[in-house]
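Numbering (the numbering used here), first residue to last: 10 to 160.
Beta carbons are placed, not taken as given, at the ideal position from N, Cα and C, and that holds for glycine.
Scroll down for the structure; my scribbles are underneath it.
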Amino acid sequence: MNTNNIGGVIQADFLFTDEISLFSVINHSAVISLHRPNTWRNLPITYMGVSPDVEADDTQAGTLYKQTLTIRLKRTGLTDSELHILRTINVRGCVVRCKDANGNIRLYGSKEYPLLGTVIEKTGTKASDLSGIEAIFSGKGAYPPLPVTEL
């Protein structure tokens, strides 16, 4: 396994929790099965465009993890139909799968604790600014981002 400590997310995709038929956590890994294969929706991220943030909060009931992903997307990478589907993350709930430069794949959110979010079109204020879409996914749950295995 490559452990060069290079950070950064190089690939991200999502699916809605109603598309998951099985979700389980076994040995600190998420195991999922989908109603239909190949349901993951690609998020056309920009270079250095993913900012994950995880905070642990110790409560009487145990540790609660607040997960937030801010993802800058290329507008040209999304059709109008795909953008419309992405905008429904505020009501449907989803999980986000991220791959880093070392090939590690982590799942943010879960079927029981989905991420919700907002989608905002960003326009740069000067010529050197990047325009695009900003998707913000957030939620609280019983698990930190977990390695994932798909059945």
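(request) Note down the Cα distance separating methionine 10 from serine 90, rounded to an integer number of angstroms. (result) Here residue 10 refers to the residue found at position 1 when the sequence shown is read from its first residue. Here residue 90 refers to the residue found at position 81 when the sequence shown is read from its first residue. For methionine 10, the predicted model reports a pLDDT of 43, less than 50, meaning its position is unreliable; a value from the coordinates is still stated below. Answer to the nearest angstrom: the Cα atoms are 38 Å apart.
(request) Can you tell me the Cβ-Cβ gap for glycine 58 and isoleucine 80, rounded? I've got them flagged as a contact below 8 Å. (result) Taking the first residue of the sequence shown as 1, we reach residue 58 at position 49. Taking the first residue of the sequence shown as 1, we reach residue 80 at position 71. Their Cβ separation, rounded to whole angstroms, is 6 Å, which keeps glycine 58 and isoleucine 80 in contact under 8 Å.
(message) For glutamine 76, count the other beta carbons within 10 Å of its own beta carbon; 16 or more makes it buried, fewer makes it exposed. Which is it?
(response) Taking the sequence shown and counting its residues from 1, one reaches residue 76 at position 67. Glutamine 76 should be labelled buried.
(message) So leucine 52 and phenylalanine 23 are supposed to be a Cβ contact under 8 Å. How far apart are they, rounded?
(response) Counting from 1 along the sequence shown, the entry for residue 52 is found at position 43. Counting from 1 along the sequence shown, the entry for residue 23 is found at position 14. With a Cβ gap of about 6 Å, leucine 52 and phenylalanine 23 count as contacting.
(message) In the DSSP assignment, the beta strand (DSSP E) including leucine 155 goes from what residue to what residue?
(response) Within the sequence shown, the letter at position 146 stands for residue 155. Its beta strand (DSSP E) spans residues 155-159.
(request) Pair every Cβ in the segment 114-130 with every Cβ in the segment 142-151, then say whether three or more of these pairs are closer than 8 Å. (result) yes
(message) Bridge partners for serine 33 per DSSP, in chain order?
(response) Along the sequence shown, one-based indexing puts residue 33 at 24. DSSP, once it has assigned bridges, lists Val40 as partnering serine 33.
(message) Once DSSP output is grouped into helix, strand and coil, what is the label at arginine 101?
(response) Here residue 101 is taken as the residue at index 92 of the sequence shown, counted from 1. Helix at arginine 101.
(message) Between the alpha carbons of tyrosine 152 and leucine 87, how many angstroms are there, rounded?
(response) Taking the first residue of the sequence shown as position 1, residue 152 is located at position 143. Taking the first residue of the sequence shown as position 1, residue 87 is located at position 78. The straight-line gap from Cα to Cα measures roughly 30 Å.
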